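Chemist:
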Amino acid sequence: MPKVGMQPIRRKQLIEATAAAIHRYGYANTTVARISKIAGVSPGIIHHYFDGKADLLAETMRQLMRQLSEDIYEAWRQASTPRARIAAIIDGNFSDTQFAPEVVTCWLAFWAETPHDESLSRLSRVRGARLRSNLLYNFRQLLPADEAGDAALTMASMIDGLWINCALGTLAADATTARRQAHRTLQWLLHENL
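When you line the sequence shown up against the numbering used here, it's residues 944 to 1137, in that order.
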C-alpha cells in the first residue's frame, strides 16, 4: 500500500521519467517499461497513478504547459504596461527552462502527435488559444481594433515559428537570438522605430 502523501511525489517522478524517456527514445518508442525503468519503479506503479501510457503522456504535456505558464508569469509579474506584458510573453516562451533539452524534445514530440491524439490536440488548442488571447488583450490596448487581431496572430505565429526553428536547429539560433527577433517583430507590429 502506498504511503499517505506519496501520490504527488510519485506522479512528479513518473512525469520526469516520461520526459527523460521521450528525450532518450523518442515519442513512438517510449513505453511503460522504459518509463518505469528510468523511474526505478515497477510498471504496475505507473498504472496505479495513471490510466495507462496515453494518460501519462497527456499529463506530461500538461506539466510542460504549467511550466510554460509559470515562466511567462515570472516575467509578467514585473510588467506594468500592455507592451511590457507582451514582452513578458515573449521572454517566457524563450526562457532557459523552455530550452532545456528534455523539454524541447517533449514539446516537439507532442506537437508531432497532436494530429493523431485527441487529448494532445485539445491541450495544444488550449495552449494556442491562451497565447493568442493574452496577446490580443494587450494589443487591443496598444493598436486600433482592426490591427490588434492581426498583430496578436502574427506575434503568436512568430513565437511558435521561432521556437520550433530554434528547437530543430534550422535557424542555427538559440533562445537569446529568437527572443531578440521576437522583440524586433513586436517593435514592427507597434510601429516603433527600429
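Cβ coordinates follow ideal geometry from the N, Cα and C atoms, glycine included.
None of these values were measured; they are calculated from a predicted model.
Hey, how far is the Cα of A971 from the Cα of D1093?
Modeler: 36 angstroms
Chemist: Taking all protein chains shown into account, decide if Y1016 is buried (16 or more other Cβ within 10 angstroms of its Cβ) or exposed.
Modeler: exposed
Chemist: Looking only at its own chain, which residues have a Cβ that is under 7 angstroms from the Cβ of D1014, when we skip the five neighbours before and after it?
Modeler: Short of 7 angstroms from the beta carbon of D1014, and not among the five residues preceding or following it, lie these beta carbons of its own chain, in chain order: G1035, S1038, T1040 and Q1041.
Chemist: Does the Cβ of W1050 have 16 or more other Cβ atoms within 10 Å, making it buried, or fewer, making it exposed?
Modeler: Buried, by the Cβ-count rule.
Chemist: Examine the Cβ distances between the region 1044-1061 and the region 959-968 and report whether three or more of them are shorter than 8 angstroms.
Modeler: yes
Chemist: May I have the straight-line CA-CA distance separating L1074 from H990, to the nearest angstrom?
Modeler: 33 angstroms
Chemist: Give me the residue from N1077, T973, T974 and Y992 with the minimum Cα distance to Q956.
Modeler: Y992
Chemist: In angstroms, rounded to a whole number, what distance separates the CA positions of T961 and H1126?
Modeler: For T961 and H1126, the distance between alpha carbons rounds to 33 angstroms.
Chemist: Roughly how many angstroms lie between the CA atoms of S979 and F1053, to the nearest whole one?
Modeler: 20 angstroms
Chemist: Nearest to A1030 by alpha carbon, out of D998, R1005 and I1102?
Modeler: Restricting attention to D998, R1005 and I1102, the CA atom closest to the CA of A1030 is found in I1102.
Chemist: Given a threshold of 16 other Cβ atoms within 10 Å of its Cβ, counted over all protein chains shown, does A1018 qualify as buried or as exposed?
Modeler: buried
Chemist: Which residues bound the alpha helix (DSSP H) around L1096?
Modeler: A1088 to L1111
Chemist: For the candidate residues Q1124, I988, T973 and A1088, whose alpha-carbon lies nearest to that of I952?
Modeler: I988
Chemist: Tell me where the alpha helix (DSSP H) around D1014 begins and ends.
Modeler: It spans K996 to W1019 - the alpha helix (DSSP H) in which D1014 sits, taken as one unbroken run.
Chemist: Whole-angstrom Cβ separation of L1133 and M1098, contact assumed at under 8 angstroms?
Modeler: Wrong, their Cβ atoms sit about 10 angstroms apart, outside the cutoff.
Chemist: Report all residues from its chain with a CB closer than 6 angstroms to the CB of S1067; omit the five preceding and five following residues, and keep chain order.
Modeler: Taking S1067 as the centre and dropping the five residues before and after it, the same chain places the C-beta of T1057 closer than 6 angstroms to its C-beta, in chain order.
Chemist: Beta-carbon separation of S1064 and A997 under 9 angstroms?
Modeler: Their beta carbons are not under 9 angstroms apart, which means S1064 does not touch A997 by this criterion.
Chemist: Give the secondary structure of Q1084 by DSSP, where H, G and I count as helix, E and B as strand, and everything else as coil.
Modeler: Coil, per DSSP.
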